[in-house]
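Presented below is the structure to which this report refers.
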Amino acid sequence: MPELPEVEVTRLSFADRIAGARILKVHMGKPLRWPLQCDPESLIGRQVIAVRRRGKYLILDLSVGQLLVHLGMSGSLSFGTKLPPSGLHDHFDMQTTQGRLRLNDPRRFGAVVYVTGDSDPTSAKLLGKLGMEPLADDFTLQRFELGLKHRKAPIKQVLLAGNVVVGVGNIYASEALFRAGIRPTRSASTIGKQRVASLYGAIRSVLAQAVQAGGATLRDFSNAHGEHGHFQMQAQVYGRAQEPCVVCGTRIRAIRQGQRSTFFCPSCQKA
DNA sequence: AAAAGCCCCTGGATGC
DNA sequence: TGCATCCAGGGGCTTT
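Going left to right, the first sequence walks through residues 4 to 274 as this note's numbering numbers them.
Written out as structure tokens, the structure reads:
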């Protein structure tokens, strides 16, 4: 579920509150996508220094090592001193001196993985091939053009793949392409300079707006305070099959690309 | 190197 | 009410 905005909103909702906390107890529920890679007991006594984000991963820097947290499709984090009793889908529960951090993830595509640091092989495997951070200064139009240059696949799938630019998932890929007026099936390398520039701007502005809106809550996303996002109200094509385009009134169309649904306006996104 | 499929898993909505 | 089917915000892995 969570794309870059939801992960960033989650980070912002607990990073300051957990910073400096000492780990008191760690409990794992059912297996997640990958094992923790360490004895939970060994984390006790370590401090959480800071929470960073890389793509859709959260990185909890500990006094020794790091925890990589991924929310998968259905994961969400809560952090607080008065969380309700642990439930069926709570699969990671970490008590600290400043509150309890909990991952709820019904589908268990998410993960919490311990790594020793940036050079840990597991860290390299998971983070090493990630593309550019869309909201960072070093994500430039020139680098984006270069990234698309040799990609013949449909632009929607190149965005989703995450090896050119990270964080753009199924909702924001459709939204950014709509705002840029580009057909999702268009081969990435054949998009003209002008239109690549539009897409570049659209990716950055859509993601930034979504962070501002607290992310998108389609069914169950909430930040670590338990608050829902409302970007879904600003979605112009995602989930709007058969509804009129907000710009021209043409019916929004839904297609399948690589086992995922894509939404676009056949009139506003002609090429 | 890049592209296309296949899974992992649970639950909600829809249809018969 | 029950049961089958399809769909869902991701992405690593294997095979072309």
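Built from N, CA and C at the ideal position, the CB exists for glycine as well.
All of these numbers come straight from a predicted model, not from anything done at the bench.
Option nearest residue i by Cα separation, candidates the options
i    : options                   : result
P157 : G134, T193 and F142       : T193
N107 : A53, S89, T99 and L151    : S89
R14  : H73, G261 and A164        : H73
D287 : R55, S225, D141 and C251  : Only positions 4 to 274 of the chain appear in this structure, which leaves residue 287 out of reach.
C251 : Q260, A216, F267 and I258 : F267
R259 : I47, R198 and Q160        : Q160
F112 : S77, Q98, L138 and G120   : S77
G217 : S201, A200 and Q235       : Q235
A191 : L149, G83 and D96         : L149
L7   : A213, V199 and K152       : A213
K33  : A22, G23 and V115         : V115
R110 : G261, Q197 and L35        : L35
T188 : S81, L63, K155 and Y203   : K155
G172 : G83, Y117 and P137        : P137
E178 : L162, L221, T125 and Y241 : Y241
G261 : L162, S201 and T100       : L162
V199 : Y175, L221, F147 and E246 : F147
P5   : T220, Q237 and L70        : T220
Secondary structure of residue i, DSSP reduced to three states
i    : result
G48  : coil
N173 : helix
Q260 : strand
R222 : coil
K28  : strand
Y60  : strand
R55  : strand
S81  : strand
S66  : coil
S270 : coil
D93  : strand
L15  : helix
V72  : strand
T265 : strand
P157 : strand
R254 : strand
P43  : helix
P8   : helix
Cut-off 8 Å between Cβ atoms - residues of its own chain near residue i, not counting five sequence neighbours on either side
i    : result
K273 : G184 and R186
H153 : S192
Beta-carbon contacts of residue i that lie in its chain and below 6 Å, excluding the five residues immediately before and after
i    : result
R103 : L86
R49  : I26, L65, S66 and V67
G134 : G165, N166, V167, V168 and V169
L46  : I26 and V29
Q239 : F181 and V249
S16  : N226, A227 and H228
Other residues of its chain near residue i: CB distance less than 7 Å, five sequence neighbours each side excluded
i    : result
K132 : N166
A205 : A179, R182 and A183
H94  : M31, G32, K33, L35, L106, D108 and R111
Open item on the list: With three or more C-beta pairs closer than 8 Å as the rule, is the segment 179-187 touching the segment 199-210?
Closed with: yes
- [ ] Give a yes or no on contact between the segment 222-239 and the segment 142-149, applying the rule of three or more CB pairs nearer than 8 Å.
- [x] no
Task: Whole runs of the beta strand (DSSP E) within the segment 96-154, excluding any shorter than 3 residues - done: 102-107 and 114-118
Open item on the list: What ranges does the alpha helix (DSSP H) occupy inside the segment 179-214, keeping only unbroken runs of at least 4 residues that lie completely in it?
Closed with: none
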